[in-house]
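In numbering that gives the first Met the number 0, the protein residues as written are 0 to 310.
Heads up, the beta-carbon is just placed ideally off N, CA and C, and yes, glycines get one too.
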Amino acid sequence: MKVSIMMCAYNTSAYIREAIESILAQTYSNWELIIGDDCSTDDTAAIIKSYLVDKRIKLIAHKTNMGYIKNKNSIFTAATGELLTQLDADDTCPPDRIEKQVAVFEAYPEMKICGSNYKTIDTTGNTLETFYYDQDFVINELLRPYPFWYPGMMFRKEIVDEFGLFSEYFDSIYGDDNYYVYRINSKYPIYFIKEPLYYYRIHPTSITNIHDQPRKLIADDILKELFTQRKNTGTDWLEEQQYDKMKAYENKLFNNKRLMAEKYRIWAAKAIDNNNWPQARFFLKKSMSLSLANTRTYATLSYYLRNKFLK
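Pasting the structure below:
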């Protein structure tokens, strides 16, 4: 079976070579790698072009910046494989990843989606955390969280035919993969491979770590609400296109000062971990302006002072 691997790229020159090399090293060779470059301003496009001598690698170069989800949907539309998966341009995977996932679909023709264990790595590829499972298993009901990293899931092309592409509601935040799995798993089981076949890189410039969009603060709360609705009723506001209710729920979250104070505090702590002192100060001030009752904020302020002035 032919596998289409989708890779979204935007200013990932520091990591994309390693990502592409991990696909070239795969023990399973019947694949195509479709890379969507979203008008990068660094050397990303040049690096991709250096690999186009391998005809299995294809570049879709956008002339204007489309945003992550439109970029992703454009390359999924171009896929010609029977099985579809992703590898983000700043992540990597072991050489047997594709082979092991394809083997599941060959052994279990009724399975339509397969996820795997994963591990987190740092900027230089060192392992930060690995999760351990004794055996493979089948996920028959909605879970939160799932034990796999979402871009690492592989599914049959017919899933896209049935469920469509990724929701642009999540553009500029995150959660499109999560929500896609909620929809699929509402109808079909997911096979889970115990081995870590996806290496998720944690670094300051990843989409989830760039704190440039207030809606990112409430993305997980939105996913939780959609998950609960789907668990209870089999559908949700987004699937029913009830965008007025989605917007009202967003406003309800934004107007919860204690909740938002805690969200900004968490962002401040992450900024401290990344030694981004101006951003840490901004988020701490924002948190304290919303609520002075959160004792965690004072602990984070102490953490900020220790790390900035006493190291």
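Asked, Found
"Y198 - containing beta strand (DSSP E), residue span", "189-200"
"Short Cβ contact (9 Å threshold) for I47 with A77", "no"
"DSSP-derived helix/strand/coil call for D90", "coil"
"Same chain only: Cβ atoms within 7 Å of Y149, ignoring 5 sequence neighbours per side", "D176, N177, V180"
"Cβ-based burial, T122 [other Cβ within 10 Å; buried from 16]", "exposed"
"Backbone secondary structure at S288 - three-state DSSP", "helix"
"Residue burial classification, D36 (beta-carbon count within 10 angstroms, cutoff 16)", "buried"
"DSSP state of L58 mapped onto helix, strand, coil", "strand"
"Candidates I265, A270, Y303, F281: closest to N293 by CA position", "I265"
"Extent of the continuous beta strand (DSSP E) run through E31", "30-36"
"Delimiting residues of the alpha helix (DSSP H) encompassing I47", "43-48"
"Between the CA atoms of G80 and L51 - distance to the nearest angstrom", "18 Å"
"For L304, the nearest candidate out of I120, W276, Y145 (CA to CA)", "W276"
"C-alpha distance - E157 paired with T299, whole-angstrom precision", "48 Å"
"Alpha-carbon spacing of Y190 relative to E238, whole angstroms", "24 Å"
"Validate contact between the region 182-199 and the region 113-120 using beta carbons, cut 8 Å, 3 pairs", "yes"
"Rounded Cβ spacing between K1 and N29 (contact assumed at less than 8 Å)", "5 Å"
"Cβ distance (whole Å) where F324 is taken to contact R295 below 8 Å", "Because the chain in this structure spans residues 0 to 310, residue 324 falls outside the shown range and cannot be described."
"Cβ shell of R229 (< 7 Å), same chain only, five flanking positions each side left out", "L141, Y181, S185, D235"
"Local Cβ density within 10 Å of S39, reported as buried at 16 or more and exposed below that", "buried"
"Reduced DSSP secondary structure (H/G/I, E/B, other) of R155", "strand"
"Straight-line gap, M287 to F130 (C-alpha atoms, nearest Å)", "36 Å"
"For D243 and I221, the rounded distance between their alpha carbons", "14 Å"
"Same chain only: Cβ atoms within 6 Å of A247, ignoring 5 sequence neighbours per side", "none"
"Boundaries (first-last residue) of the beta strand (DSSP E) holding S3", "2-8"
"Straight-line Cα distance separating I172 from K71", "14 Å"
"Closest by C-alpha distance to L164, when choosing among G151, P146, F147, I183", "I183"
"Supposed contact pair F154 and L86 - C-beta distance, whole angstroms, cut 8 Å", "Not a contact, Cβ separation roughly 14 Å."
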